[in-house]
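All remarks here apply to the structure that follows.
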Amino acid sequence: MPSLNEIRQTFLDYFAKNDHEVVSSSSLVPQNDPTLMFTNAGMVQFKNVFTGAETRPYKRATTSQKVVRAGGKHNDLDNVGYTARHHTFFEMLGNFSFGDYFKEQAIEHAWNLITKEYGLAKDRLLATVYIDDDEAFNLWKKIAGFSDDRIIRIAGSDNFWSMGDTGPCGPCTEIFYDHGDHIWGGPPGSPEEDGDRFVEIWNLVFMQFDQQPDGTRLNLPKPSIDTGMGLERVAAVLQGVHNNYDIDLFKALISASVAETGVAAEGEALPSHRVIADHLRSTSFLIADGVTPSNEGRGYVLRRIMRRAMRHAYLLGANEPLMPRLAPVLVREMGDHYGELKRAEATIVETLRQEEERFRRTLGRGMNLLDDATRDLSEGGVLSGDTAFKLYDTYGFPLDLTQDAVRAKGLTVDTDGFDAAMALQKEKGRANWKGSGEKSVQAEWFSIRDKAGASEFVGYDDLDTQSPAV
Ligand code: ATP
Ligand code: MG
Ligand code: MG
Ligand code: MG
């Protein structure tokens, strides 16, 4: 059975053999796009090549790109622990043609790779095409020999990609794997498509138009190809498991967290172990790319992901920081391909340790408050905005962490009430400051907190740790 590392290598080798330049993954912090929080697809590092603003010495490339989808247009944070196929961090395998080959060769390459190199069974595969893309439809018939019912026409935005309101865009075709009728779910386009039976493994984008500000689409003089396949998803298929969290890499991470906590990965503890393993990857890779936990921007997203994992460590009964003890296992598993993990290992461990120690000072009391506040609520109930704000302000619980915590009980949070409580707090802070005539310690604190984007209040004596932990 091929390992995750072997499956990645087979992909890169296949495209290298077919004249693609093997390009390293770019950083999770996009270097060429200030509007993007994290690199969320393989094409990000090639954006300017696709638009023609930049040229490269090659016309074909292949990558295994580090991707984080935990904010912005693609946010899979709330899927982790709930679906079999979503991570916050994953590796996107891709092949790219910059005005070189187009639809036919892209489909041919994809088909060869998955059926010949990877050996997937043809009768488990199906494809979607954009509603009016007859060319792609006919290519699938010709190349894969699919019957008409295995090529599904989709009208929605899943099958039409665009970079923005203007610029390169075009139809997509996506390849799905059917894990079998013992799993709930239906084919794409059906009412049960959100189930995990039919899993999307590969998206091929045909960049063929240049969208104008008035909405018209001109043909691009040199159409291009951009594809993305989830490494963990194809690994699940090749390793004969349905759930991404059962592949070799996640088995290693989860057994480490089982060993450290002494809690078996079953029942209610299973999602906790999975969330921890997922968040360990995203947070460690973000730290390796220079992000540090803070109260604003990227650093706050990192902090939110870390703390969500740390709450699960608490649920598993960990009585000392867990994440820093797991990081070396991740480095061992993934550090050969991603050398930055090895180089940053000490920083990763130290950053996780400081953050977990710090959050653990308030986590237990916050959890008690949350338990008290939700004890009498039944399914469908709403946690008050004031309580969610107190958790945020006094105990360092990011709002989404609280939402995640109550979701398991079928509850939601009154976010309007939360916003109102936050606004009121800021108002009070300003009024106090004006009233006192001179800059009190408290006013000083409020001004620091406002600048920092206000996420938590852990006591005045903690003032000096308001800045990022490292
Ligand atoms: P889904 O519909 O399952 O959420 P997607 O349509 O959002 O996937 P794309 O944006 O098309 O995904 O990304 C290309 C490929 O990356 C997908 O076909 C899938 O294999 C993989 N992928 C996307 N999101 C994730 C994720 N959160 N975790 C793991 N793999 C993912
Ligand atoms: Mg998605
Ligand atoms: Mg999709
Ligand atoms: Mg897709």
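Take 0 as the starting number for the sequence shown in numbering that gives the first Met the number 0 and just add one per residue. We put the beta carbon where it would ideally sit given N, CA and C, even for glycine. Computed from a predicted model, the values in this text were never measured in an experiment.
**Prompt:** Since Asn94 and Phe14 are thought to touch, with beta carbons under 8 Å apart, how far apart are those beta carbons, to the nearest angstrom?
**Reply:** In the sequence shown, the residue the question calls residue 94 occupies position 95. In the sequence shown, the residue the question calls residue 14 occupies position 15. Going by Cβ atoms, the distance from Asn94 to Phe14 rounds to 5 Å, so yes, they are a contact pair.
**Asked** From the DSSP output, which residues share a beta bridge with Thr411?
**Response** Counted from its first residue, the sequence shown places residue 411 at position 412. Note: Thr411 sits in a beta bridge opposite Val381.
**Prompt:** Which residue's Cα is closest to the Cα of Phe388: Gly144, Met421, Leu237?
**Reply:** As a working mapping, residue 388 is identified with position 389 in the sequence shown. Ranking Gly144, Met421, Leu237 by Cα distance to Phe388 puts Met421 first.
**Request:** Could you round the C-beta distance between Gly41 and Gly261 to whole angstroms and report it? I think they count as a contact, below 8 Å.
**Result:** Residue numbering aside, residue 41 sits at position 42 when the sequence shown is read from its first letter. Residue numbering aside, residue 261 sits at position 262 when the sequence shown is read from its first letter. Contact doesn't hold; Cβ gap of about 39 Å is too wide.
**Request:** Please specify which runs of the alpha helix (DSSP H), each continuous and at least 4 residues long, are wholly inside the region 218-280, giving them in chain order.
**Result:** 230-237, 247-260
**Asked** Just curious, the beta strand (DSSP E) that Gln207 is in, first and last residue?
**Response** Working through the sequence shown from its first residue, we reach residue 207 at position 208. Its beta strand (DSSP E) spans residues 197-210.
**Span of the alpha helix (DSSP H), counted from its first residue to its last, around Lys115** = To locate residue 115, count along the sequence shown from 1; it is residue 116. It is not in any alpha helix (DSSP H) - Lys115 carries neither H nor E in the DSSP assignment.
**Request:** Please name the residue in Ser156, Lys427, Leu124, Gly155 whose C-alpha comes closest to that of Asp148.
**Result:** Position 149 of the sequence shown holds residue 148. Among Ser156, Lys427, Leu124, Gly155, the Cα nearest to that of Asp148 is on Leu124.
**Item:** Burial state of Gln30, where buried means 16 or more other Cβ atoms lie within 10 Å
**Value:** The residue you call residue 30 lines up with position 31 of the sequence shown. Exposed, since its Cβ has fewer than 16 Cβ neighbours within 10 Å.
**Prompt:** From which residue to which residue does the alpha helix (DSSP H) around Asp177 run?
**Reply:** Along the sequence shown, read from residue 1 onward, the residue named residue 177 stands at position 178. Note, Asp177: premise wrong, no alpha helix (DSSP H); beta strand (DSSP E) at 166-177.
**Request:** Figure out for me which residue from Gly169, Thr165, Gly71 has the closest Cα to the Cα of Asp131.
**Result:** As a working mapping, residue 131 is identified with position 132 in the sequence shown. Nearest option by C-alpha distance: Gly169.
**Request:** Tell me whether Thr82 sits in a helix, a strand or coil according to DSSP, three-state version.
**Result:** As a working mapping, residue 82 is identified with position 83 in the sequence shown. Coil at Thr82, not helix or strand.
**Message:** Taking the alpha carbon of Thr87 as the reference point, which residue from Glu107, Lys65, Ala105, Glu103 has its own alpha carbon closest?
**Reply:** As a position in the sequence shown, residue 87 is number 88, starting the count at 1. Measuring from the Cα of Thr87, the nearest candidate turns out to be Lys65.
**Prompt:** Are the beta-carbon atoms belonging to Phe208 and Arg216 less than 7 Å from one another?
**Reply:** Counting from one through the sequence shown, the residue named residue 208 turns up at place 209. Counting from one through the sequence shown, the residue named residue 216 turns up at place 217. In this structure, Arg216 lies closer than 7 Å to Phe208 by Cβ.
**Prompt:** When the Cα atoms are used, what is the spatial distance from Tyr494 to Ile304?
**Reply:** For residue 494 there is no data in the structure shown, the boundaries of the chain being 0 and 469.
**Asked** Which residues in the same chain have their Cβ closer than 6 Å to the Cβ of Asp461, if we skip the five residues on either side of it in sequence?
**Response** Your numbering for residue 461 matches position 462 in the sequence shown. In this prediction, Asp461 has a pLDDT of 30, which is less than 50 and means its spatial position is unreliable; nothing more can be read from the coordinates.
**Prompt:** How should Val21 be labelled, buried or exposed, when 16 other C-beta atoms within 10 angstroms of its C-beta is the threshold for buried?
**Reply:** If you number the sequence shown from 1, residue 21 lands on position 22. Looking at its Cβ environment, which holds fewer than 16 other Cβ atoms inside 10 Å, Val21 is exposed.
**Under 6 Å, CB to nearest heavy atom of ligand 4: contacting residues** = Asp157, Glu173, Glu199, Asn202
**Prompt:** Going along the chain, which unbroken runs of the beta strand (DSSP E) with 3 or more residues stay wholly within the region 293-337?
**Reply:** none
**Request:** Look at Ala234 and Ile275 and say whether their C-beta atoms are less than 7 Å apart.
**Result:** Taking the sequence shown and counting its residues from 1, one reaches residue 234 at position 235. Taking the sequence shown and counting its residues from 1, one reaches residue 275 at position 276. Contact: no.
**Message:** Whole angstroms are fine: how far does the CA of Leu138 sit from the CA of Thr401?
**Reply:** Along the sequence shown, one-based indexing puts residue 401 at 402. Along the sequence shown, one-based indexing puts residue 138 at 139. Between Thr401 and Leu138, the C-alpha separation is close to 48 Å.
**Item:** Length of the line joining the Cα atoms of Gly144 and Asn47
**Value:** The residue given as residue 144 occupies position 145 in the sequence shown. The residue given as residue 47 occupies position 48 in the sequence shown. Their backbone Cα atoms lie some 36 Å apart in a straight line.
**Asked** Can you name the start and end residues of the alpha helix (DSSP H) that Ile142 belongs to?
**Response** Residue mapping note: residue 142 aligns to position 143 of the sequence shown, counting from 1. 133-143 is the span of the alpha helix (DSSP H), which, as asked, contains Ile142.
**Asked** Where Gly118 and Leu92 are concerned, what is the direct C-alpha to C-alpha distance, given to the nearest angstrom?
**Response** One-based indexing of the sequence shown puts residue 118 at position 119. One-based indexing of the sequence shown puts residue 92 at position 93. Whole-angstrom Cα-Cα distance: 17 Å.
**Message:** Under 8 Å, with one C-beta from each stretch per pair, do the region 377-396 and the region 270-288 reach the 3-pair mark?
**Reply:** no
**Prompt:** How about Gly80 and Met36: do their beta carbons lie closer than 7 Å?
**Reply:** As a first step, residue 80 must be located in the sequence shown, where it is residue number 81. As a first step, residue 36 must be located in the sequence shown, where it is residue number 37. Going by C-beta atoms, Gly80 is not nearer than 7 Å to Met36.
**Prompt:** What do you reckon, are the CB atoms on Leu279 and Leu315 nearer than 7 Å?
**Reply:** Taking the first residue of the sequence shown as position 1, residue 279 is located at position 280. Taking the first residue of the sequence shown as position 1, residue 315 is located at position 316. Not closer than 7 Å, so no.
**Request:** Determine the burial state of His181: buried for a count of at least 16 other Cβ atoms within 10 Å of its Cβ, exposed for fewer.
**Result:** As a first step, residue 181 must be located in the sequence shown, where it is residue number 182. Classification of His181: exposed, given that the 10 Å Cβ count is below 16.
**Asked** Ends of the beta strand (DSSP E) at Leu400?
**Response** The sequence position of residue 400 within the sequence shown is 401, counting from 1. Looking at the DSSP string, Leu400 is not in any beta strand (DSSP E); the run it does join, the alpha helix (DSSP H), is 398-406.
**Item:** Own chain, CB closer than 6 Å to Leu362, minus 5 neighbours either side, in chain order
**Value:** Position 363 of the sequence shown, counting from 1, holds the residue named residue 362. Once the five neighbours on either side are set aside, the close Cβ partners of Leu362 are Tyr313.
**Message:** Taking the alpha carbon of Asp195 as the reference point, which residue from Gly184, Arg352, Asn202 has its own alpha carbon closest?
**Reply:** In the sequence shown, residue 195 corresponds to position 196, counting from 1. Checking every option, the nearest Cα to that of Asp195 belongs to Gly184.
**Item:** Rounded C-alpha distance that separates Ser454 from Asp392
**Value:** Counted from its first residue, the sequence shown places residue 454 at position 455. Counted from its first residue, the sequence shown places residue 392 at position 393. Below a pLDDT of 50, predicted positions are generally treated as unreliable, and Ser454, at 40, falls in that range; the measurement from the model is reported next regardless. For Ser454 and Asp392, the distance between alpha carbons rounds to 6 Å.
**Request:** Specify, as a first and last residue, the run of the beta strand (DSSP E) that Tyr129 falls within.
**Result:** Locating residue 129 in the sequence shown gives position 130, where the first residue counts as 1. Its beta strand (DSSP E) spans residues 124-129.
**Request:** Drop a sphere of 10 angstroms on the beta-carbon of Arg59, count the other beta-carbons inside from all chains shown, and report buried for 16 or more, exposed for fewer.
**Result:** The count along the sequence shown starts at 1 and reaches residue 59 at position 60. Answer is buried; the Cβ neighbour count reaches 16.
**Message:** I'd like the list of long-range same chain contacts for Ala105, defined as Cβ closer than 8 Å, with 5 residues on each side in sequence excluded.
**Reply:** If you number the sequence shown from 1, residue 105 lands on position 106. Same-chain partners within the cutoff: Asn94, Ser96, Leu203, Phe205, Ile224, Thr226.
**Message:** Rounding to the nearest angstrom, what Cα-Cα distance links Ala407 and Pro167 in this structure?
**Reply:** Along the sequence shown, read from residue 1 onward, the residue named residue 407 stands at position 408. Along the sequence shown, read from residue 1 onward, the residue named residue 167 stands at position 168. Rounded to the nearest angstrom, the two C-alpha atoms are 41 Å apart.
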